[in-house]
Amino acid sequence: MDDQKTEQQSIDHSEATPDSRLPTPCPQCPDYLAGWKRAQADYANLKKDVEREKSEFSKYANERLLSSLLPAFDQYDTAISFAPDVTGLEPDQRKRIENWIVGLKAIRSIWENTFQEIGLEKVAATGTFDPLVHEAAGEEASGAPEHSIIRVLQNGWRLNGKLLRPARVILARRT
108 MDDQKTEQQS IDHSEATPDS RLPTPCPQCP DYLAGWKRAQ ADYANLKKDV
158 EREKSEFSKY ANERLLSSLL PAFDQYDTAI SFAPDVTGLE PDQRKRIENW
208 IVGLKAIRSI WENTFQEIGL EKVAATGTFD PLVHEAAGEE ASGAPEHSII
258 RVLQNGWRLN GKLLRPARVI LARRT
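For this note's numbering, count along the sequence shown from 1 and bump the result up by 107.
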């Protein structure tokens, strides 16, 4: 057994150089390598695209739900604007209604904070009419400059910069 090891160790490797032991490259090898590099780049681009799409999806995933809830928020806002005058009531009744109104306004504040956290914001509805974010519901004679907004019928909303609903407004016209 020792004789075999000695015999294998005594084989002369001088004829075999490191380059000669490698297989000769095939003529298509550069094309294969270029194709592999393109596939790697395409895969990296695909991963970036998928991450971007996931980010966009999560950013606007609640768009439909929020669009459905906005009319309820509008009605809630309208209800608060018609809070009763409590000046002529007895102190006990006045205190109860005032506390009730404070509670309603606190709930509205919670809604607004939540909207802000998720990126939902009102469309500015002052100044000049902008057809990209406003919807003209009518015109009224006014001393204000023509095509300026004089009244808001329904607030408009954006979600992370994307318009969910335009503001419905009344515009001024020349008298």
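Think of the CB as a built atom: it goes at the ideal place given N, C-alpha and C, for glycine as much as any other residue. Just so it is clear, the structure is predicted and the values come from calculations on it, not from any experiment.
- Looking at the DSSP output, A274 bridges to H241.
- For R203, the secondary structure class from DSSP, reduced to helix, strand or coil, is helix.
- Excluding its 5 nearest sequence neighbours in each direction, F180 has C-beta neighbours in its own chain below 7 Å: W218, listed in chain order.
- The beta-carbon separation of A274 and V209, rounded to 28 Å, does not stay under the 8 Å limit for a contact.
- Residues of the same chain with a CB within less than 6 Å of the CB of T282, apart from the 5 flanking positions on each side, are A248 in chain order.
- When DSSP states are grouped into helix, strand and coil, L140 belongs to the helix group.
- Between the beta-carbon of A244 and that of I204 there is about 33 Å, and that puts the pair past the 8 Å contact cut.
- Residue pairing by DSSP places Q261 opposite R275 in a beta bridge.
- Excluding residues up to 5 positions away in sequence, R265 lie with their Cβ nearer than 6 Å to the Cβ of E228 in the same chain.
- K154 has its alpha-carbon roughly 20 Å from the corresponding atom of Y167.
- With 16 or more other Cβ atoms inside 10 Å of its own Cβ, G263 counts as buried.
- Here the alpha carbons of T233 and G250 stand approximately 15 Å from one another.
- Its chain contains A279 as the residues whose beta carbon lies nearer than 7 Å to that of P252, once the 5 sequence neighbours on both sides are disregarded; these appear in chain order.
- Listed as beta-bridge partners of T235 by DSSP are S255.
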